[in-house]
Structure formats: structure tokens, C-alpha cells
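Asker:
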Amino acid sequence: MRSRLFALVTAMCTITLVLFGFGGAAEAAYSPMADRWSGDSVTIGFFGNMSASGAFQDVPQRFAIADYIEDLNARGGLLGKKVKFVWYDAGRDALTESVTAVNKMVQQDKVVGIVGPGGSRYALPVISLCNDSKTPCITIGATNAKVTVNEDTGKVNPYMFRVSFIDPYQGSALANYAYKDLGFKKIATIAAVDDLYAQGLLQYFVDEYKRLGGEITTSLSYQSTDVEFRSQLSAIADSGATALFAPATEYKYAAFIAKQAEQLGLEFTYLFPEAVYSRELLENAGPQIEGAYVSIPMDENDPRFDDFNKAFDAKHKSSGYKANMYAYYAMDGVMLLEWAIKKANSFDGEAIKNALETAKGVPLFTEPSFTIEPETHNPHNKTVSIMRVEKGQYKLVATFKPGD
Amino acid sequence: MYLQSLAIFACVNMIAVAGLVLLTGYTGIFSIGHAGFMAVGAYAAVISFKYLAVPFLPAIIAGGFVAVLISVIIGYPALRSMMAGDAFAIVMLGFVSVVRISITNIKPVFNASFGISDIPRLSTMSVVLAFTILSVWFMRNFLKSHYGKNCIAIQQQETAAEMVGINVLKTKLIALMISAFYAGVAGGLFSFFATYLAPTNFSEAKSDDLLAAVVLGGINTLSGPLLAAAILVVLPEFLRFLAIWRLVFYGAAFVVIMQFKPEGLMGYREISFKWVGRLYGKVRGKARD
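Here it is in C-alpha cells:
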């Protein structure tokens, strides 16, 4: 019986070898580039977290891209071809599902470009896949610097671009605002120790804050699965800090921290990054979040987004999702890809990549003049807006471009 | 490349599950933290390759051996105290958390929660297949050997096994070491295909997947869990046409299988090809007529 088992495994493996090719063929398994636009339509892909915690960020992105492509087709499509949209969920296992999703998009759907994902842990495993297959990927919320620049060589990842902040940029901007504008000479920090985004922001915030002359009274951490923060909050109060920088990945952490601090009778002025910015934070945290500062790339209350918000909310009412900042990011991403394809006048991956590298002063959804830095593929001098929670609403208190 | 990536992930899962079958299926030691060994093997292999200039294949093997070393450190005190199967499961649950949280706190070399990126994609189809075939071949021979039979004896009646002269501690420890080696190798191969290594890749959910494959496949067989390991990789992809309902049906498949096949997909039987021989005989017989 056992010999049959071994025969089975050997047979399965032999069949797999024959079907999938041997060894190095793996890298050469991409179909010719021209197949991507040989029909009367082309395809744009999106993947991200649409089933795990944090899906409130990626699902509106998917809706926004789908709506934009629908509108694009109504306007005649791209270079005379209709545009199809495919999306895949990678929420069950970010690493393996991102790899399989991108492989599926490149090989089976033959996408001309990818808009997304919304997070670095989805983007980092697919860098070499996009580079090898010459598929431009415009990430819309992956803030880790390594997504576009190879850490070891310092060279840019040729087919990876982004429309969002990077962690060093936002971390430094917040440190400057806290120290110079708000006048906090000492501050405490609390961040998820196992989260890429939180640790990235924390590192750059702390480095810049100390460089400016500020004092970090204590730096505490938690696990992403934690819901209890009272002991850390007590220790933070004991350290003498009255301001707290909490680079949380989702609004739920900010809500927990603010509510539990209030239960302990503690009062802090909070500084949060863009990832917690949502209407849900105001609804969940309520008065405890009053006076908190949040750095964001754009203000959802800006009247120029009103028409989009109304149309989005009406169309997706049944889903329960409303237009938010993440949807705006997605609009930036898909508009940038559209611009690059038109500029290149081609669907060829290399031509689109070259066009993206020359993007300068491109009008996007949130940025009237968007520029890509060719040496890093990051946005150049992106606007930072600081919001303050006042009477249960976000209120814009400062807007600046750190490079100015 | 898409089918290839599925095949590679399936093979990696099969290697890890082949090891877990020995420990949980044939020796009766439940492990709900096997992803911890995968993490150890993955980090050891990648660090050896990137920072110590060890070539790819020796790095993978080194990853396996580091996992073995850790398994002895964890397993020897636990197994020596004759810990029951369920108690050992909790030890392993703690172990996977210790590994993951330790790595997230070590910035030099391990790069904490930032993870290690830009790992070259060296786990090609041929390499992973070769490892899979060798792993299954070795496991099949091991289970047929005296050592394998000792494991089965311990699983069925530990006291009786001890009374007939089986060294229970040594046998259990060997089973743990082999399964840790398999998990370590699987972790290394996985990382050299995924090209990005972070502690979150090896959470408790990963251990659950491995254990689910063993139970769904049939805890007393080797071929059943191997089949289940491949199915668990392919099924979520196959169900993509269900869009947002995909994971609902994925979970429901577990419920249905266990409801109707509580002994697992293969129960107590290995996959048999006798029917092929019978069919061939019939066809030949008819041809003669």
C-alpha cells in the first residue's frame, strides 16, 4: 500500500512537472506583452484586503476604481479599447494570496496595469512579480519605503509606483507639527510592535522629534490582537506625558485607547496618522477623541469631493460603505494609470512605466498637480493636512507641503 | 506562473504537513504551533543566505536543522515530563507566539516587524518538487521502519508500548525533531518563493491550516493529509468566482467534510491504485474476447 502511495506522489509530481515546466522556466512563464491588448478590450487589476479586519479601507477603493472604469468606458475607453476591471481578495493570507492574485492577473487576466494594493504587506511580496512581468503597479496606500526602492541596492523597483505618503515623510511631518506648531516638548508613544506601518511611522517620528530637541517620555507597544491598553496608558501618564503619538493601523485601536484613557481618568492630546482617519472613529470614540490631531493627505470635507461623495454613497448604499479617503486614493491611482497610458499612447508595460516616471504636474483627484520622483517613484512633496477633532467633527487646522 | 505559484505553495504545505502527520497523526502528539518551526526555518535559511553568504540549498537545509535544534530545546523538557498530548498542544501554542513576538522585537538582522524583503526567488518548481518527493519518500520509509511502528504503538497505547521496551521519550523526540525539520525546510522554501519574510506570515492561523490539513485528510494516513494540504491551497483560489462569499464557502467546506467524513477524507485508508489494475485487467480481458 505504501509503495502505491509513493507511486502516487511521484506520479503527481511528474504530472506537475510536465504541466508547469521545469525549473528556470518559472521565470520565463509570462505570455508575450502584446497579448495584453490584442483584443478589443484591456484589463486593469486591483487586489487587497476585502475580507479581513481593515477591509473598510480596501472595499471602497475597489468600488471607486470600478465606478471610474465604468465612467471611462462611457467616455470611449482607453486608446479606443474598452476597459475591463478585475479584482481579487488577499485578506485570508496577505502574503500567499497577494502572490497568487498578481500571478493570476498577469498570466490569466493579462492586465496592462495594477492599481493597488492599499497596504505594504500586500505590496512587498509582489515587487519582483511586477518587475519580472513588466506590469506597472501603482500602489494606493502602501507607505513602506521598500515598496518602491530596493533596500539592499538602493535602486528603484522599476515597475512599482505609489500615490500615497511614505512612512518617513508622514512620520517626520507629524514630528515637526507636534514640536514646532503644537509646542509639545515631550511626548509618549504607543504602537503595535508587530505592525509594519506602525513601526515604520514610529521610527521616523521618534528620530525627527529627537532631532528637533523633543523628549520621548516613554515608548510602549502592544500586539495587533490586543484590545486592552489600560496598563500602557497608566505607564504613559506616570511618565509625565500629556501628548501621545499613536501610529495605529486602524481606527479601532485609536478608539480603544481614547475610551480606556477616559475610563482611567487620563487626558492626553492624541496624534494619529492617516490610517485611523474615518467617520467610524468619531462614531466609536465619541467625546473621548475630542482635541485629537490626525494627519491626512486630503480632507474628506473639502467641497470639491462633494459630488463624488454623493454619487458614491448613493450608488453603494446597499453595501454599507461610504466614500472615504481610501476611495480618493484609489481615484488618484486609476487616474494616474489612465494618464500614463494616454501619455505613452500604448499599453506596453515598459512604455507606461517610462511615462509614469515623467509624471509632472498631473491633475489627479486629490492633487491638482501631482509629480512622481523618478529616483524613488514616490509622490513629490505631497500635501499634508492636519485635522483636529472638534465637536465630533474633523476640522482642518493646517495644510502644508513639507518640502516648501 | 499562476498555476505554478499554486503548485509551489501546495508542495510547501505538503512538506510541512508530511512532518506534522508523523507527530500528530502517527505519534499522537498534537501540535497547534507548528508554524513556529516554519518561522524558525525560514528566518534561519534567509539569514544564512543573505548575511552569511550560505548558498541556497545548504541554507534551506540549515533552516531545517535550526528548527530541529529549537524543537529539542522546547520538546525535551516537555516530553520528559510525560506531558499529555493536549498539554503539549498548549506548549506549542505558546511556542508559536514566543517565536513570532520575539522576532518582532529583534531589530538587528531579523529586522523586527519590518521583515526581510528583496529575497531572491530561488524556490523554483523543480527545487520544491524535488524536496516534496524526497520528503514524502523519506516519511513513507520512516513510517514503514521500526521507528515508525514505535510511533504508532505509542499513539495507540503508550503504557503498553513502554512495557514492550519502546523508549517513549526518545521515540517522541525523534518524531518531534523530524517534523520540525520538515516544517523548517518548508518555511525556507516558502520564503524563497514569496520573496518577503515577516513574523506575521507565521501566525497561529498558519498552524491551524497545517493541523486542519492533517485532520481533514485523515489523521491515520499519509496520503490523506497530503491531499488535504494541496486542497487547502487550491480551494480558496478555485472559489474566487464566488467573490466576497469565497471564504464563507471555504469555511463551510470544513464543516461539511467533518460532518460527513469525521475520520477525514481518507479515513484509515491510503490512496490506492488497485482499481487501475482491475480496470486494465478488464480491458485486456475484453480485448481477448
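One line per chain: the protein sequences are Z and Y, in this order. Numbers in our numbering are just positions in the first sequence, counted from 1, shifted up by 6. Numbers in our numbering are just positions in the second sequence, counted from 1, shifted up by 139. Just so it is clear, CB atoms sit at the ideal spot from N, CA and C, and this is done for glycine as well.
(1) Quick one: which residues of the region 155-169 of chain Y get their C-beta closer than 8 Å to a C-beta of chain Z? List them in chain order.
(2) What are the boundary residues of the beta strand (DSSP E) that Q399/Z is part of?
(3) Name, please, each residue of chain Y whose Cβ falls closer than 8 Å to the Cβ of S240/Z.
(4) Name the one or two DSSP bridge partners that E221/Z has.
(5) Would you mind sorting F91/Z into buried or exposed? The rule is 16 or more other CB atoms within 10 Å of its CB.
(6) Check whether the Cβ atoms of P413/Z and A148/Z sit closer than 8 Å, and answer yes or no.
(7) Taking the alpha-carbon positions, what's the F148/Y to P369/Z distance?
(8) Cutting at 7 Å between CB atoms, please list the residues of its own chain near E33/Z, excluding the five before and the five after it.
(9) Quick one: give me the first and last residue of the beta strand (DSSP E) that T49/Z is part of.
(10) Counting C-beta neighbours from all protein chains within 10 Å, is the total for T231/Z 16 or more, i.e. buried, or is it exposed?
(11) Taking 8 Å as the threshold, find out whether the region 351-367 of chain Y comes into contact with the region 214-228 of chain Y through three or more Cβ pairs.
(12) Quick one: what's got a C-beta closer than 6 Å to I352/Y's C-beta in the same chain, skipping five residues either side?
(13) Counting only Cβ-Cβ distances shorter than 9 Å, please list the residues of the region 121-140 of chain Z near chain Y, keeping chain order.
(14) Quick check: what's the CA-CA separation for I255/Y versus V205/Y?
(15) When burial is assigned at 16 or more other CB atoms within 10 Å of the CB, is Q296/Y buried or exposed?
(16) Looking only at its chain, what residues have a beta carbon closer than 6 Å to the beta carbon of F376/Z, apart from the 5 residues adjacent to it on each side?
(17) With 8 Å set as the bound, which would you pick, yes or no: does the beta-carbon of S57/Z sit closer than that to a beta-carbon of chain Y?
(18) Compute the Euclidean distance between the alpha carbons of S227/Z and F377/Y, then round it to the nearest angstrom.
(19) Going along the chain, which residues of its own chain have a beta-carbon closer than 8 Å to the beta-carbon of A31/Z, five neighbours each way excluded?
(20) Taking DSSP as the reference, what is the three-state secondary structure of A183/Y?
(21) Nearest-angstrom Cα distance between G119/Z and K87/Z?
(22) Report the neighbours of N306/Y on chain Z: residues whose CB is nearer than 8 Å to its CB, in chain order.
(23) Beta-carbon within less than 6 Å of K407/Z's beta-carbon, same chain only, minus the 5 sequence neighbours each way: which residues are those?
(24) Just confirm the distance between the C-beta atoms of G172/Y and S318/Y, as a whole number of angstroms; I'd bet it's less than 8 Å.
(25) With DSSP as the reference, identify every bridge partner of F320/Y, one or two as the case may be.
(26) Among the candidates V151/Y, F227/Y, P259/Y, whose CA atom is the shortest distance from the CA of A192/Y?
(27) Alpha carbon to alpha carbon, how far is A251/Y from A204/Z?
(28) Step through the CB atoms of chain Y and report whether any lies within less than 8 Å of the CB of E157/Z.
(29) For a contact meaning CB atoms closer than 9 Å, what does R68/Z contact in chain Y?
(30) E268/Z and Q294/Z - do their beta-carbons sit closer together than 8 Å?
(31) Thinking just about the alpha-carbon of each residue, which of D41/Z, S126/Z, Q266/Z, V48/Z is nearest to the one in E344/Z?
(32) Look at the Cβ atom of T141/Z, then the Cβ atom of H383/Z, and state whether they are nearer than 8 Å.
(33) Examine chain Z for any beta-carbon lying closer than 8 Å to the beta-carbon of N340/Y, and answer yes or no.
(34) Measure from the alpha carbon of F235/Z to the alpha carbon of each residue in D305/Z, P380/Z, E157/Z, Y259/Z, then state which is nearest.
(35) Who are the Cβ neighbours of Y335/Z in its own chain at under 8 Å, not counting the five residues just before and after it?
(36) Mark I294/Y as exposed unless 16 or more other C-beta atoms lie within 10 angstroms of its C-beta, in which case mark it buried.
Answerer: Straight from the coordinates:
(1) Interface annotation for the region 155-169 of chain Y against chain Z: empty, criterion Cβ-Cβ distance under 8 Å.
(2) 399-406
(3) Those within 8 Å of S240/Z in chain Y number zero; the least Cβ separation is about 22 Å.
(4) Looking at the DSSP assignment, E221/Z forms a beta bridge with K192/Z.
(5) buried
(6) The shown model of chain Z, from 7 to 410, leaves out residue 413/Z, and the question about it has no answer.
(7) When the Cα atoms are used, F148/Y and P369/Z turn out to be separated by approximately 42 Å.
(8) With a pLDDT of only 44 at E33/Z, under 50, the local geometry of the prediction cannot be trusted, and the value read off the model is given with reservation. Closer than 7 Å at the Cβ level, and outside the excluded window around E33/Z, lie D138.
(9) 47-54
(10) Within a 10 Å sphere around the beta-carbon of T231/Z sit fewer than 16 other beta-carbons, which makes this residue exposed.
(11) no
(12) The sequence as given places Ala at residue 352/Y; Ile does not occur at that position. Counting only Cβ-Cβ distances below 6 Å, and skipping sequence neighbours, we find V156, P364, A367, A368, L371.
(13) R127, L130, P131, V132, I133, S134, L135, D138, S139
(14) 18 Å
(15) exposed
(16) V368, L370
(17) yes
(18) Taking the straight line joining both Cα atoms gives about 39 Å.
(19) For A31/Z, the predicted model reports a pLDDT of 44, less than 50, meaning its position is unreliable; a value from the coordinates is still stated below. Hits under 8 Å: none found.
(20) helix
(21) Cα to Cα, the separation comes out at about 15 Å.
(22) Under the 8 Å cutoff, chain Z gives no residues; its nearest Cβ is about 24 Å from N306/Y.
(23) N387, T389
(24) The Cβ separation is near 12 Å, so there is no contact.
(25) F320/Y pairs with nothing; no bridge assigned.
(26) P259/Y
(27) 12 Å
(28) yes
(29) Near R68/Z there are no residues of chain Y at all, since even the closest Cβ is about 10 Å away, more than 9 Å.
(30) yes
(31) That would be V48/Z, whose Cα lies nearest to the Cα of E344/Z.
(32) Cβ distance not < 8 Å, so T141/Z and H383/Z don't count as in contact.
(33) yes
(34) Y259/Z
(35) Q67, G124, I146, G147, V169, S170, P303, T372
(36) Inspection of the sequence shows that residue 294/Y is occupied by Gln rather than by Ile. Classification of Q294/Y: buried, given that the 10 Å Cβ count is 16 or more.
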